[in-house]
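Residue numbers (UniProt numbering): 1 to 67.
Every residue gets a Cβ at the ideal spot worked out from N, C-alpha and C, and that includes glycine.
The structure appears right after this line, and notes come after that.
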């Protein structure tokens with residue numbers, strides 16, 4: 001990637017992350033970057049958003065099993 005394209009991509013991610021924070025999505029910069037890349041690859045953004053909403057925000061402890 002040439003330097004100008006890299007700068008533009010970084011600025012676009014910064015803007016998307018800022019908007020994400022304003023909307024209080026709870027997405028970190030890395031997750032947002034992955035989601036944008038998936039959309040760029042042709043995934044349906046609405047389906048991807050529905051999936052993200054279903055993923056728990058905090059990891060759940062594994063269920064304990066009784067012997």
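C-beta atoms of residue i and residue j nearer than 8 angstroms
| i | j | result |
| --- | --- | --- |
| residue 29 | residue 15 | no |
| residue 20 | residue 38 | no |
| residue 35 | residue 23 | no |
Pairwise C-alpha distance: residue j and residue i
| i | j | result |
| --- | --- | --- |
| residue 8 | residue 1 | 11 angstroms |
| residue 6 | residue 65 | 49 angstroms |
| residue 4 | residue 62 | 46 angstroms |
| residue 10 | residue 40 | 15 angstroms |
Three-state secondary structure (DSSP) of residue i
| i | result |
| --- | --- |
| residue 35 | helix |
| residue 40 | helix |
Closest by C-alpha distance to residue i, when choosing among the options
| i | options | result |
| --- | --- | --- |
| residue 54 | 6, 25, 10 and 11 | 25 |
| residue 56 | 27, 10 and 11 | 27 |
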